[in-house]
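Taken in order, the sequence shown gives residues 1237 to 1495; the numbers are from this note's numbering.
Heads up, the beta-carbon is just placed ideally off N, CA and C, and yes, glycines get one too.
Computed from a predicted structure; not experimentally measured.
Report on the structure given below.
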Amino acid sequence: MPSPVLEVTDLTFRRGRPILKGISWRVDPGQHWCILGPNGCGKTSLINLITGYDSATDGVMRIGDSVFGDDDWREVRRRVGLVTNTLTTYLESGEPVLDVIASGREAKLNLIDLPGPAVFREAAKLLKQVGCEYLREALWGPLSQGEKQKVLICRALMARFAVLILDEPCAGLDPVAREHYLQWMQTLAARPNSPSLVMVTHHVEEILPAITHCLLLKDGRVFASGPKHNILTSANLSSIYGSPVKLTRHGERYALRLG
């Protein structure tokens, strides 16, 4: 079998109480994953551990051939594109928007040593592509939630990544902006040699045809994991959310309602 892009084995995490309880999961080349689960199931904690913003209590974590604890995760993190609201707690309000985007190249926050002009030109180009060229002279703090999400998307695209992690990337986007973003993600995933996508969401409506696999979490454990067509069922979703729900499909998109 080919080496996984990402793999965690028996991963546990405590912060006053158990949050993750023995998570084992792997992403192989060519796979695109969606992570679903109720509030408090550990989705964001799992992402924070993978990207090194928190440290696991126990278990093994790999990105490519690199093992957490054996390799410098600051360097490993450069191979991971990341869009997450967690970053908003680390970014200083006075940080220029172009600096925020440029920081994605080295997976660092609040730049001290500024990169060269070519990196800033690339950052400005990405900002224009998401329709926010007007923000090139702006500061991070006063941005709206939707603007911050678009800037974080640009930041993720600056990385030379093997895997792109999207932690609720549509949060704060209006319906039109959300659909534009989802279309971009579908286009990105369909490219030859595309990086593996890992998308965390609360909404099955955001699961696009590009997603090949699903990981369902419940109470800090893996409830189900595997190909989307096997895992994404009304019965499984009813179990993880603790309420009868009905999953429907419209073309290649999904919807959920109370059963």
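Could one say the Cβ of residue i lies closer than 8 Å to chain D's Cβ atoms, at least one of them?
| i | result |
| --- | --- |
| Leu1468 | Included in the structure is just one protein chain, with no chain D present. |
Which residues in the same chain have their Cβ closer than 8 Å to the Cβ of residue i, if we skip the five residues on either side of it in sequence?
| i | result |
| --- | --- |
| Pro1274 | Lys1454, Ile1476, Tyr1477 and Gly1478 |
| Asp1294 | Asp1246, Leu1247 and Thr1248 |
| Asn1472 | Leu1452, Phe1459 and Ala1460 |
| Tyr1490 | Val1440, Glu1441, Ile1443, Leu1468, Leu1483 and Thr1484 |
| Ala1426 | Ala1446 |
| Leu1494 | Ser1479, Pro1480, Val1481 and Lys1482 |
Between the options, which has its C-alpha nearest residue i's C-alpha?
| i | options | result |
| --- | --- | --- |
| Asp1410 | Pro1238, Lys1386 and Arg1391 | Lys1386 |
| Pro1332 | Ser1474, Ser1380 and Arg1372 | Arg1372 |
| Cys1368 | Thr1320, Gly1352 and Leu1334 | Leu1334 |
| Glu1511 | Arg1253, Ala1407, Trp1269 and Gly1252 | Any property of residue 1511 remains undetermined from this structure, which presents the chain solely from 1237 to 1495. |
| Thr1437 | Ser1430, Ala1407 and Trp1420 | Ala1407 |
| Leu1492 | Ile1443, Gly1462 and Cys1450 | Ile1443 |
| Leu1375 | Glu1328, Pro1238 and Arg1298 | Glu1328 |
| Thr1320 | Leu1285, Glu1441 and Pro1463 | Leu1285 |
| Gly1300 | Gly1288, Asp1290, Val1316 and Ile1259 | Val1316 |
| Thr1423 | Pro1445, Glu1404, Ala1413 and Ala1392 | Pro1445 |
| His1486 | Cys1450, Val1440, Gly1462 and Ser1474 | Val1440 |
| Ile1389 | Tyr1370, Pro1378, Asp1308 and Leu1418 | Leu1418 |
| Arg1253 | Gly1276, Pro1238, Ile1271 and Gly1340 | Gly1276 |
| Pro1378 | Thr1287, Val1296 and Gly1330 | Gly1330 |
| Leu1393 | Trp1420, His1416 and Ser1474 | Trp1420 |
| Pro1463 | His1416, His1449 and Thr1325 | His1449 |
| Ala1359 | Val1241, Thr1325 and Ala1395 | Ala1395 |
| Glu1488 | Ser1470, His1465 and Ser1474 | His1465 |
| Asp1384 | Val1241, His1416 and Thr1324 | A quick correction: the sequence has Lys, not Asp, at residue 1384. Checking every option, the nearest Cα to that of Lys1384 belongs to Thr1324. |
| Val1241 | Met1297, Thr1280 and Arg1310 | Met1297 |
Considering residue i, what are the terminal residues of the alpha helix (DSSP H) in which it resides?
| i | result |
| --- | --- |
| Ser1475 | Ser1470 to Tyr1477 |
| Pro1405 | Note, Pro1405: premise wrong, no alpha helix (DSSP H); not H, not E. |
| His1465 | Lys1464 to Ile1467 |
By the DSSP assignment, the beta strand (DSSP E) with residue i in it spans what residues?
| i | result |
| --- | --- |
| Leu1272 | Trp1269 to Leu1272 |
| Ile1259 | Pro1254 to Val1263 |
| His1449 | His1449 to Lys1454 |
| Ser1239 | It is not in any beta strand (DSSP E) - Ser1239 carries neither H nor E in the DSSP assignment. |
| His1486 | Val1481 to His1486 |
| Arg1489 | Arg1489 to Leu1494 |
| Leu1433 | Ser1432 to Val1436 |
Is any heavy atom in the ligand GDP found nearer than 7 Å to the beta carbon of residue i?
| i | result |
| --- | --- |
| Leu1334 | Inclusion of the ligand GDP in the displayed structure is not the case, the ligand content being empty and no account of it being possible. |
Counting only the same chain and skipping the five closest in sequence on each side, list residues whose C-beta sits under 6 Å from that of residue i.
| i | result |
| --- | --- |
| Gly1278 | Ile1255, Leu1256, Leu1453 and Gly1456 |
| Ala1292 | Leu1247, Phe1249 and Leu1285 |
| Pro1405 | Val1319 |
| Arg1414 | Cys1406 |
| Met1435 | Cys1270 and Leu1402 |
| Val1312 | Ile1299 and Ser1302 |
| Leu1272 | Leu1452 |
| Pro1238 | Pro1265 |
Grab me the residues of residue i's own chain with a C-beta within less than 7 Å of its C-beta, minus the 5 sequence neighbours each way, in chain order.
| i | result |
| --- | --- |
| Gly1496 | The displayed coordinates of the chain run from 1237 to 1495. Any statement about residue 1496 would go beyond what the structure contains. |
| Leu1282 | Leu1256 and Ile1259 |
| Val1336 | Leu1327, Trp1376, Val1387 and Arg1391 |
| Pro1351 | Ala1338 and Arg1341 |
Exercise for the section: Check whether the region 1252-1267 touches the region 1348-1366, taking contact to mean three or more Cβ pairs, one atom from each stretch, closer than 8 Å. Expected result: No: fewer than three Cβ pairs fall under 8 Å.
Practice task
Mind listing, in chain order, the continuous alpha helix (DSSP H) runs of no fewer than 4 residues lying wholly within the region 1314-1401?
Solution key: Runs found: 1333-1338, 1353-1365 and 1381-1393.
Exercise for the section: List in chain order: all unbroken alpha helix (DSSP H) runs of 4+ residues lying wholly within the region 1273-1314. Expected result: Here the runs fully enclosed are 1279-1286 and 1309-1312.
Problem - Any 3 or more C-beta pairs closer than 8 Å across the region 1351-1360 and the region 1293-1308 - result: No contact exists between the region 1351-1360 and the region 1293-1308.
Practice task
Tell me, please, whether the region 1393-1403 touches the region 1422-1431 by the rule of three or more beta-carbon pairs shorter than 8 Å.
Solution key: By the Cβ rule, the region 1393-1403 counts as touching the region 1422-1431, because three or more pairs are nearer than 8 Å.
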